[in-house]
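Comments concern the structure below.
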Amino acid sequence: MKKKLVLFLTMTMVTASLSACGGKAEQTNADAPAAEKTEVKADETASEDKGADTTAEVTAEPITVDFWNSWTGSDGDVLVEKVNEFNSTNPWGITINMDITPEFSERLATTLPTGDCAPLILSGTGDRFRYGDYLLPIDDIWENTSLAEADFNENAMDCCKMDGSLYAVPFQNSLYYMYWNKDLFEKAGLDPEAPPKNFDEWAEYASKITDPDANVYGSGMFMSYGCHQFCLMGVEGGWAITKADGGKWNVNFKDNENYKKYLEWMKEVYTKGDNPMENEIDSMFKAGQIGIMVNGPWLAAGADEAGINYGMCKVFGTEPRGDVAGFFITNSATDEEKLACERFIQWWYTGNEGTAIEDTGVGVWSLKIGFPTAYNPLAESDAYKSNERLSALALDSTSKDSIWIITDPDFKGWAEMIGTIGTLAESVIYDTPIDEALEAAQAEAEELVKTYEGEDALAQ
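At position 349 of the sequence shown (counting the first as 1) the number is 351 in my numbering, and the numbers step up by one without a gap.
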């Protein structure tokens, strides 16, 4: 048990937050500022029955359930609005007491082992590995609510399971896309409706856009953020750690010619001065200082608010890389709290009786913020299909790239691999020979495989 706790604390220290959108090992929403702790409390009295559809009986007594997450960005404001709506309209007498805090990961580290964590949390589905001993299987949600497993993207659901049991329900696909500033394109003599189709065009366009006198850069790669780097690095190079036959694991850094090709390209863009030597790229994009970059849908709201004339598409037309965030129920929950959590999760997808799907939590999360959905009834709705941006970002139901960004989704040491990629990229930028940097990453990743999968887990 001592060894398991040490691993738990180690992984927690690696985790910064699940992208402002929430909590993964590195901000999947680098755009989200560290915000003040935000609490949402409902009225003391339960609302009258609004007719929410459920297969379970209505709760006889009012109940309050704590809900923690780290959605500190502008998307968190939408979450606040929907939780307030639930508290004032749900028919079960349930009050969701939501606490949004940038210290989310630290709070989990101290409260999960003691049983003092909130019953409901929102985090990356990789946390089923990190926090597995402190999470409840929720396979009964299909009996306790009107939700159906078949209504969710199969790949996203795979990320919510461990050892055959369900531990989370998909909340969002935290994916990375290409953004480009159309005004900067036009100013540089480029077609504002034609983003780069490959790495060569990215570098070419970036060189034309860069204007040192105006503090404008054509390229906006994050220097040391592993997820942002790998959404480009993995386009041709594939996952850094993959599962081999017989349950063994391959580490794919050393002698990976596609990784080497990417790192050479990346280094040249930096060397030419077309990419800033920093990581605050989101704010620069919103200030009109970046021509091309990759980031998630969470950037769109800030760019819209800033009045940036931008485009958004899949990176070079490939399936977007990212991960899945989900609703978890912790073992701090009583039976009554667990049922209340499941009912809130149901409401997020279905609303009250008669609620149009575009007005549900899941509907607003996609249509207002721009997250591609893992909920099939929404994806098949007219409101979703007619949304030009979401249609352009549609998920491939057969691809697993969109459910885990750097490694095979089943690799337990995924969080530390984000740091490995960031270190690899930064070391190359600061003149470490690429072969040497790849060998160092190979050695580090092999040790992670041994640590989290076993001493004999390497395939070669």
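Even glycine gets a Cβ: it sits at the ideal position worked out from N, Cα and C.
Nearest neighbour of D153 by Cα position, chosen from K199, T375 and L81, turns out to be T375. Relative to the Cα of K262, the nearest Cα in the group L450, D77 and Q444 belongs to Q444. Here Y169 is not bridged, per DSSP, to any residue. Residues of the same chain with a CB within less than 6 Å of the CB of G415, apart from the 5 flanking positions on each side, are L450 and Y454 in chain order.
When C-alpha distances from T91 are compared across L110, T357 and P214, the shortest belongs to T357.
For N297, the enclosing beta strand (DSSP E) begins and ends at I292 to N297.
Of E390, E63, P64 and V85, the smallest CA-CA separation from N71 is found for V85.
Listed as beta-bridge partners of S176 by DSSP are D325. Membership of L110 in the alpha helix (DSSP H) is indicated by the continuous run F106 to T113. When DSSP states are grouped into helix, strand and coil, G220 belongs to the strand group. In chain order, V171 and F329 place their CB closer than 6 Å to the CB of I347, counting only its own chain and leaving out the 5 sequence neighbours on each side.
Here DSSP, grouped into helix, strand and coil, assigns K199 to coil.
Between the alpha carbons of E307 and N175 lies a gap of roughly 22 Å. For the set N354, A381 and E355, the Cα lying nearest the Cα of W367 is the one of A381. The three-state secondary structure of F69, taken from DSSP, is strand. As for any alpha helix (DSSP H) of minimum length 4 sitting wholly inside the segment 119 to 168, the runs are 129 to 132, 143 to 146 and 156 to 160, ordered along the chain. Counting only runs that start and end inside the segment 414 to 452, the alpha helix (DSSP H) elements of at least 4 residues fall at 416 to 431. Between the alpha carbons of A396 and N200 lies a distance of about 20 Å.
The segment 322 to 340 makes contact with the segment 104 to 124: 3 or more CB pairs, one atom from each, lie closer than 8 Å. Taking a C-beta distance under 8 Å as the contact criterion, Y169 and P139 qualify as a contact pair. Here D361 has G353 as same chain residues with Cβ atoms under 7 Å from its own Cβ, once five neighbours each way along the sequence are excluded. Here the alpha carbon of E446 sits roughly 40 Å from the alpha carbon of D142. Around the Cβ of K340, a 10 Å sphere holds 16 or more other Cβ atoms; the residue is buried. Taking C-beta atoms under 8 Å as the contact rule, G126 and D325 qualify, at a distance of about 6 Å. I65 is positioned such that its CB atom lies closer than 8 Å to that of A342. W241 sits in coil when the DSSP states are folded into three classes, being neither helix nor strand. In this structure, DSSP gives N99 an extended state, which the three-state scheme calls strand. Contact check for I211 and G220: beta-carbon distance about 3 Å, within the 8 Å limit, so the pair qualifies. Counting other Cβ atoms within 10 Å of its Cβ, A427 reaches 16 or more and is therefore classed as buried.
Under a 10 Å Cβ-count criterion, G191 is classified as exposed, with fewer than 16 other Cβ atoms of the shown protein chains found around its own Cβ. One alpha carbon belongs to V271, the other to N183, and they sit about 18 Å apart. A distance below 7 Å between beta-carbons, with the five flanking residues on each side excluded, links Q291 to the following residues of its chain, in chain order: N217, V218 and Y219. With fewer than 16 other beta carbons inside 10 angstroms of its own, M279 counts as exposed. Between the segment 240 to 247 and the segment 297 to 311 there are fewer than three inter-stretch CB-CB distances shorter than 8 Å, so the stretches are not counted as touching. Looking at the DSSP output, W182 sits in a beta bridge with I294 and G313.
For the pair G228 and G421, the CB atoms are nearer than the 8 Å cut-off.
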